[in-house]
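Numbering (the numbering used here), first residue to last: 22 to 321.
Note that CB positions come from ideal geometry on N, CA and C, so glycine has one too.
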């Protein structure tokens, strides 16, 4: 499986502390930098050693994404993959298999789990989007069943603070700008809003976020700036050409067929025609809108 150097470092960090089971071991990487690949690589290594792996996440969409990556790089393990939910029975689970489930499905079946993924069988756990529900009852229930019993790898893009979790490997978005991630340009929008939110466990409370959601004037200013950026200049040139480019890139007969598109060039002006961009065009540029309050206050 082709891993980048930082992904290899994250895998090594997990295995270096695999015997310490007092806390959930968290790998923290920004969205788009391949957290799932780290989890897939860890799961494959454990399965090769005969370990059963339980992969949990908050949604079936993310589970399908992880299962797809696993099947792509480790097709030889296809017969050892199972799903645990209300519709599909996992069947006979052999030791050394991989079981996918949402946290919700696990919670519904926690009192009648297959023996091979019960804590007594000593499986390993990959907990994707570990920050989600970690401090809620469903997350507490899950971690207290497995913590101290089995090794748990947590994957997240969201910084989290907990006495029950330890970040063993961390990279910030700034570490990847201009290489793995596009370099952002920030557009400040003067909204005139001063926001003084309540914070609990390092997160804004729901009530504080609802205050912003209910401010129609502020939201109209932000949306207006987004529309402006998407309908002028370079962004407009790219979007207007997208139907033709999509056909060219997705056509299996096309010599330009690819799975992803990276736009290179300066922030102003139209993008270069396919095949004409120079090596010196520089990293991709992505605009991000950040409302700026009139006086010091948390950035919205």
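Of all alpha-carbon atoms in 24, 28, 44, the one lying nearest the alpha-carbon of residue 182 is that of 44. For residue 238, the enclosing alpha helix (DSSP H) starts and ends at 237-251. For residue 157, the closest of 174, 134, 124, 171 by C-alpha to C-alpha distance is 124. Contact between residue 151 and residue 176 holds: their C-beta atoms lie close to 6 Å from each other, under 8 Å. Rounded to the nearest whole angstrom, the CA to CA distance from residue 233 to residue 210 is 14 Å. In summary, residue 163 is buried, with 16 or more beta-carbon neighbours lying within 10 Å of its beta-carbon over all protein chains present. With a 10 Å radius around the Cβ and a threshold of 16 neighbouring Cβ atoms, residue 92 comes out exposed. Membership of residue 190 in the beta strand (DSSP E) is indicated by the continuous run 186-191. Per DSSP, the continuous beta strand (DSSP E) segment holding residue 119 begins and ends at 119-123.
Inter-segment contact for the segment 133-146 and the segment 167-174 is present: three or more beta-carbon pairs are separated by less than 8 Å. Taking residue 30 as the centre and dropping the five residues before and after it, the same chain places the C-beta of 190 closer than 7 Å to its C-beta, in chain order. Checking the DSSP bridge columns, you'll see residue 198 partnered with 202. In the structure shown, residue 76 adopts extended strand secondary structure according to DSSP, grouped into three states.
Following the DSSP letters along the chain, one finds residue 149 in no alpha helix (DSSP H) but inside the beta strand (DSSP E) bounded by residues 145-149. In this structure residue 187 is in contact with residue 47, their Cβ atoms being roughly 7 Å apart against a cut-off of 8 Å.
Judged by DSSP secondary structure, residue 103 falls within the beta strand (DSSP E) whose first and last residues are 102-104.
With a contact defined as Cβ atoms closer than 8 Å, residue 146 and residue 250 miss out at about 42 Å.
Residue 62 sits buried, since 16 or more C-beta atoms from the chains shown fall within 10 Å of its C-beta. Collapsing the DSSP output to three states places residue 46 in a strand. Taking 8 Å as the upper bound for CB-CB distance, residue 57 and residue 87 are in contact here, some 5 Å apart.
For residue 175, the secondary structure class from DSSP, reduced to helix, strand or coil, is strand.
Beta-carbon to beta-carbon, residue 214 and residue 236 are separated by about 6 Å, close enough to satisfy the 8 Å threshold. Around the CB of residue 207, fewer than 16 other CB atoms lie within 10 Å, so the residue is classed as exposed. Residue 201 and residue 54 have their C-alpha atoms some 7 Å from each other. The continuous alpha helix (DSSP H) containing residue 58 extends over residues 56-69.
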